[in-house]
Ligand SMILES: [Zn+2]
Ligand SMILES: [Zn+2]
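Residue numbers (our numbering): 39 to 462.
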């Protein structure tokens, strides 16, 4: 089986499923398989539920064969999986990518990990992981620009703006060993004719891995009640004391949130990020500015100048077209209903898109509603959007047999779509 692509191919772009990670239950030690999107882990043996915390990003490794003779060296690759939105003159295009690239430029190692991450189970890189780990020398951003250039080459010119909205960005270590040549630790085959010249320098900068992940019990830090959440939730809720929690590297952190009330039995609340921003290069501070910029068929009232403008971005993953449509409809509608600082007493859809990814999409939404689009698109590069505040707001949708309906913002979402990952 040929696992690595031809080295002349700088990256691999493939459709993928979730990576699988073998691990142990933090409570009872039972073996467990996690999917890479999992944030809430329920042990099949002891039933204890734990939230998974990470530092900056996840680090995974392909477990190499244990061999006494050959010291395993782990070589770093950056990986991005997510959707890329591109603004071109005929509109907004999107593409799902799952790509990896060397985090250290070297001719002696394969350029990417190819399809390997889909075929093999991985492990978290932990302090007890054996082997020597070469640290990344390139920042993730410079590898991202490699992906960006490759993608631009497939698009009609000019490309006014691109946004990478990630499902995951991680560092993946692949095992090698060095004898007369560099050998792939999994295939036991040479991948280059000579060992890299800089190997000693790299290895001297290799430190034992630090503790980058942690599990904490899925219990409300305020009242001790069980937290609610889906296995892929970025946010956990406590219906006992009406609190909402997100994870950071130190533990669970309390978040501000609100909901818009709607009476009725068949209501489900969908999470949105309400984001205010400093916008330079185009006037968009108030509702009056929005009406003008989006050319809404409304007679502008003087008081609208005093209503501040906010972006509204889904806090959940849906198909890219739907993601843009939902955000556009709600942003153009600028919800001004009363915000209640409690959890609604109804079904809640999990937050699966964190605010850090939502803010990456702001310029795409702006590009979607500004008019005349053709004229303004060329300005996109100069427009700067600096997020200022964000609030998690649950918006009510009426559930019918197959759809979720929000009449005020003219939205009807197919229920199946919400269940699907957005790479479909
Ligand atoms: Zn367990
Ligand atoms: Zn609580």
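Every residue, glycine too, gets a C-beta built ideally from N, C-alpha and C.
In this structure, DSSP gives residue 112 an extended state, which the three-state scheme calls strand. Membership of residue 405 in the alpha helix (DSSP H) is indicated by the continuous run 400-407. In this structure, the beta-carbon distance from residue 202 to residue 176 does not fall below 8 Å. Residue pairing by DSSP places residue 208 opposite 96, 117 in a beta bridge.
If you look at residue 229, you'll find it in the beta strand (DSSP E) that goes 227-230. Exposure of residue 261 is indicated by the presence of fewer than 16 other C-beta atoms within 10 angstroms of its C-beta. Note: residue 303 is not bridge-paired with any residue in the DSSP secondary-structure output. Under the three-state reduction of DSSP, residue 333 is assigned to coil, being neither helix nor strand. Residues with their Cβ less than 6 Å from any non-hydrogen atom of ligand 1, running along the chain, are 63, 65, 66, 68, 81, 83, 84, 86. By the 16-neighbour rule on beta-carbons within 10 angstroms, residue 406 is buried. Within a 10 Å sphere around the beta-carbon of residue 136 sit 16 or more other beta-carbons, which makes this residue buried. When rounded, the separation of the alpha-carbon atoms in residue 254 and residue 226 is 38 Å. Leaving aside the five residues that flank residue 314 on each side, the residues in its chain whose CB is nearer than 7 Å to its CB run, in chain order, 346, 348, 426, 427. Residue 329 is not a Cβ neighbour of residue 350, given a cutoff of 8 Å.
Beta-bridge annotation (DSSP): residue 125 is paired with 130, 199. Comparing C-alpha distances from residue 102 to each of 160, 144, 152, 133 shows the shortest one belongs to 160. For residue 412, the enclosing alpha helix (DSSP H) starts and ends at 411-415. Where residue 285 is concerned, there is no enclosing alpha helix (DSSP H), although the beta strand (DSSP E) around it starts and stops at 281-286. The Cβ atoms of residue 443 and residue 308 lie no closer than 8 Å to each other.
In the structure shown, residue 438 adopts coil according to DSSP, grouped into three states. Using a cutoff of 7 Å, the CB of residue 260 counts as near ligand 2, since one of the ligand's heavy atoms is closer than that. Contact between the stretch 396-405 and the stretch 443-454 is absent: fewer than three C-beta pairs spanning the two stretches fall below 8 Å. Taking 7 Å as the cut-off, one finds at least one heavy atom of ligand 2 near enough to the beta carbon of residue 276. Between the stretch 212-228 and the stretch 241-250 there are fewer than three C-beta pairs closer than 8 Å, too few to call the two in contact. About 16 Å separates the Cβ atoms of residue 151 and residue 95, ruling out a contact at the 8 Å cut-off.
Excluding its 5 nearest sequence neighbours in each direction, residue 380 has C-beta neighbours in its own chain below 6 Å: 280, listed in chain order. Taking C-beta atoms under 8 Å as the contact rule, residue 256 and residue 88 qualify, at a distance of about 6 Å. The alpha-carbon of residue 302 is positioned some 35 Å away from that of residue 340. Counting only the Cα atoms, residue 196 lies some 42 Å from residue 220. Under the three-state reduction of DSSP output, residue 289 falls in the strand class. Your pair residue 230 and residue 146 checks out as a contact, with CB atoms roughly 4 Å apart and the cut at 8 Å. Straight across, the Cα-Cα distance linking residue 275 with residue 450 is about 26 Å. Looking at the DSSP output, residue 160 bridges to 59. In this structure residue 98 is buried. Its beta-carbon is surrounded by 16 or more other beta-carbon atoms within 10 angstroms. If you draw a straight line from the Cα of residue 57 to the Cα of residue 410, it comes to about 42 Å. Per DSSP, residue 222 is one residue of the beta strand (DSSP E) stretching across 220-222.
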